[in-house]
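Visitor:
There are 2 protein chains.
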Amino acid sequence: MELRELRYFVAVAEELHFGKAAQRLGMAQPPLSRAITQLERRLGTTLLERTSRKVTLTAAGGVLLAESRAILSAVTAAERRTRRAATGHPSLVLAVKSGTAGELLTKLLDAYAAEPGAATVELLLCEAHQHQQLLRDGQADVALLHLPFDSAAGLDTETLYSEGQVAILPGSHPLASRSQIRMADVTTLPELPMARWPGPSGSYPEGPGAEVRNLTQLFQLIALGRTTVVIPESAGADLRRDLAAVPVLDAPPVTTAIAWPPHSRLRTVADLIRVATRL
Amino acid sequence: MELRELRYFVAVAEELHFGKAAQRLGMAQPPLSRAITQLERRLGTTLLERTSRKVTLTAAGGVLLAESRAILSAVTAAERRTRRAATGHPSLVLAVKSGTAGELLTKLLDAYAAEPGAATVELLLCEAHQHQQLLRDGQADVALLHLPFDSAAGLDTETLYSEGQVAILPGSHPLASRSQIRMADVTTLPELPMARWPGPSGSYPEGPGAEVRNLTQLFQLIALGRTTVVIPESAGADLRRDLAAVPVLDAPPVTTAIAWPPHSRLRTVADLIRVATRL
DNA sequence: GCAGATCGATACCGACCGGGTATCGCTGCA
DNA sequence: TGCAGCGATACCCGGTCGGTATCGATCTGC
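The structure is reproduced here in structure tokens:
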């Protein structure tokens, strides 16, 4: 198998149309058909069921599609990392969701900078759920993420610390003056439906709550009395004065973890992880 | 980048000798030199420092070597999994160390077999530390492993259960009659040095204890009064009559987990995991 | 029911590239 | 200084990849 064939296969499997896939690949349709046929012959399996009107994936094709995507990500990651390693000035890209782990992040960066031989740390601010892809395709070397919200599938992690969650409410809301509440108290407020975040796929779950992408949007909507949310304590520090944070007793604890791609052998990554776990 | 180039690069990086690498690849040396040069040009980096007497890896080369190995494993995994998916009769390869999780394994297999649509489960008995490679290169779909001994780097896991550890001693040993002991009690016995297992690299750590590869060897040596060992409770069940198992209070607990490659989307794997976590 | 459109497969051709052999040039060593 | 070892270079050949033209099948609309 060659990467060329996998790239072609992914294009066809995603488009389910040889013509369109060829166009996307910037080539003519016949050699594409031939390449796929050759790949199928090599593997001894049909990957695509095709009539002259419709193309569908076989079970084996589905498996190969998933594997191919992983392989192609790994290849672009290899290119990026090799080039970065070649520059000489060691640098480290740390992916974090904006608004995440404020104080911890400061301490981590300070402590790492004090290490002998510390590399320059570039911060890569990303959206929720993006960490994984960034690490996979080599755009980032390390990430800070929130378990169990962010998936750490296929990554190595060290947990750094756990914290409870708080509900963020308009300052004037009856619940705002309570010293603690329960999940049921906030999830059952008809006038304040819970805000909805985009899932891993980028689309929003169904529900009545507002669709939000970041904390600024969210806090504004809460201040307007349109929605509410349950978030980690630390994300609810330094609130606007018109909002209140109330601990939610039975919300699952959130763990902040540092994650990196499993076979990373970079000394700089190892150093950062060591520093992080000692904080 | 193409896989051909990565395969060539790995060969050269491992041999550090173009002639030997070419021989291993079954080709002549000149085209190999050319291919490496071309790869370097594509990446815009020197990967190998070469004089006419010696070849050495650059830092970038080291990075690419690690990444390439991962990619090539992923490719052979993709081929194997695709071919297996094509056979039609769904099967599932479960990797376990021989002697591991006896009772749990029986229950798991029984429970899974009772599921509707269960696949045939093939057991792949492996050596310690081999799980990871088997999952990575597609020889196995799922593995049972012992945390923290077996590394789960780059794998998804669900922990199944935790247990304490016991010291296995000759029945006649003074400690054998104790109801519980501490690590210090067994590690400081000059006449019974702790057995040594091969590490992830396959080589044995330094030390006075006997080198062992499996439980049968081990139990025989313990019965002969040559060594001792601390292992999970369940592995010490059903002992030979001339041996004694004594709980070690302060030994770290051992967790049995089920692990699978992160982007596995096989229904059969998902089913098995679900069954396992419900046990 | 037939003409046309759509789409993948096939046939054929040219150009590029990957692999081979021969040889060069450098380096360490006796 | 001559020789052996090793990687790079020069040059040639053949396979293969990609292009154009066309076929054959299937669905659509009149």
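These protein sequences, in sequence, are chains A and B.
Taken in order, the first sequence gives residues 1 to 279; the numbers are from my numbering.
Taken in order, the second sequence gives residues 1001 to 1279; the numbers are from my numbering.
C-beta: ideal position from N, C-alpha, C; glycine also.
Small disclaimer: the values here were computed from a predicted structure and weren't measured.
1. Just to confirm the assignment, what range does the beta strand (DSSP E) spanning residue 1165 of chain B have?
2. With distance defined between alpha-carbon atoms, name the residue in A:29, A:166, A:81, A:72 nearest to residue 968 of chain B.
3. Is the region 199–215 of chain A touching the region 255–265 of chain A, taking contact as three or more C-beta pairs under 8 Å?
4. Starting from the beta carbon of residue 75 of chain A, find every residue of chain B whose beta carbon is closer than 8 Å, and list them in chain order.
5. Determine, for residue 154 of chain A, whether the minimum Cβ-Cβ distance to residues of chain B falls below 7 Å.
6. Mind listing, in chain order, the continuous alpha helix (DSSP H) runs of no fewer than 4 residues lying wholly within the region 1178–1210 of chain B?
7. Mind pulling the chain A residues with CB within less than 7 Å of residue 1262 of chain B?
8. Give me, in chain order, the residues of the same chain whose beta-carbon lies closer than 8 Å to that of residue 1287 of chain B; leave out the 5 immediate sequence neighbours on both sides.
9. Of all the residues that make up the region 1014–1044 of chain B, which are near chain A by a beta-carbon distance shorter than 8 Å?
10. Pairing CB atoms from the region 114–126 of chain A with CB atoms from the region 91–98 of chain A, are three or more of them under 8 Å?
11. If contact is defined by three or more beta carbon pairs under 8 Å, each pair taking one atom from either stretch, is the region 242–262 of chain A in contact with the region 128–145 of chain A?
12. Excluding the 5 residues flanking residue 179 of chain A on each side, which residues of the same chain have their C-beta closer than 8 Å to its C-beta?
13. Taking the C-alpha atoms as reference points, what is the distance between residue 1236 of chain B and residue 1252 of chain B?
14. Since residue 1110 of chain B sits in a beta bridge, which residues does DSSP pair it with?
15. What does residue 97 of chain A pair with, by DSSP beta-bridge criteria?
16. Give every residue of the same chain whose Cβ lies closer than 8 Å to the Cβ of residue 12 of chain A, excluding the five residues on either side of it in the sequence, and list them in chain order.
17. What is the DSSP secondary structure of residue 1259 of chain B, counted as helix, strand or coil?
18. Indicate whether at least one CB of chain B lies closer than 7 Å to the CB of residue 82 of chain A.
19. Check residue 1212 of chain B in the structure and name its three-state DSSP category.
20. Could you round the C-beta distance between residue 279 of chain A and residue 97 of chain A to whole angstroms and report it? I think they count as a contact, below 8 Å.
21. Indicate whether residue 1169 of chain B and residue 1244 of chain B have their beta-carbon atoms separated by less than 7 Å.
22. Any C-beta of chain A sitting closer than 7 Å to the C-beta of residue 1085 of chain B?
23. Thinking just about the alpha-carbon of each residue, which of B:1277, B:1131, B:1164, B:1140 is nearest to the one in residue 1150 of chain B?
24. Quick one, which residues of the region 1054–1066 of chain B are near chain A if we go by CB-CB under 9 Å, in chain order?
25. Residues of chain A with CB under 9 Å from residue 1068 of chain B, in chain order?
26. Quick one, which of B:1221, B:1249, B:1250 has its alpha-carbon nearest residue 1240 of chain B's?
27. Rank B:1210, B:1211, B:1160, B:1230 by C-alpha distance to the C-alpha of residue 1184 of chain B and give the top, closest one.
28. Taking the alpha helix (DSSP H) that residue 1002 of chain B belongs to, which residues open and close that run?
29. Where do the ends of the beta strand (DSSP E) carrying residue 1144 of chain B lie?
30. DSSP three-state label for residue 1053 of chain B, please.
31. In the DSSP assignment, what residue or residues form a beta bridge with residue 1156 of chain B?
32. Going by C-alpha distance, which of B:1086, B:1152, B:1186, B:1190 is nearest residue 1249 of chain B?
33. So within the region 1011–1083 of chain B, which uninterrupted alpha helix (DSSP H) runs reach at least 4 residues, ignoring any that extend past its ends?
34. Looking only at DSSP bridge pairs, what is residue 1008 of chain B linked to?
35. Going along the region 1240–1273 of chain B in order, which residues come within less than 7 Å of chain A, judged by CB to CB distance?
36. Excluding the 5 residues preceding and the 5 following residue 1057 of chain B in the sequence, name in chain order all residues of the same chain whose CB lies nearer than 8 Å to its CB.
Guide: Based on what the coordinates show:
1. 1165–1170
2. The requested residue 968 of chain B does not occur in the structure, where chain B is confined to residues 1001 to 1279.
3. no
4. 1001, 1071
5. yes
6. 1183–1187
7. 153, 154
8. Any property of residue 1287 of chain B remains undetermined from this structure, which presents chain B solely from 1001 to 1279.
9. 1043, 1044
10. yes
11. yes
12. 246, 247
13. 16 Å
14. According to DSSP, residue 1110 of chain B bridges with nothing at all.
15. A:126
16. 18, 21, 32, 36, 48, 55
17. strand
18. yes
19. coil
20. Rounded, the Cβ-Cβ distance is 19 Å, inconsistent with contact.
21. yes
22. yes
23. B:1131
24. 1058, 1059, 1060, 1061, 1062, 1063, 1064, 1066
25. 78
26. B:1221
27. B:1230
28. Here residue 1002 of chain B belongs to no alpha helix (DSSP H), and DSSP marks it neither H nor E.
29. 1142–1147
30. coil
31. B:1260
32. B:1186
33. 1018–1025, 1029–1043
34. Residue 1008 of chain B pairs with nothing; no bridge assigned.
35. 1262, 1263, 1265
36. 1013, 1016, 1047, 1048, 1049, 1065
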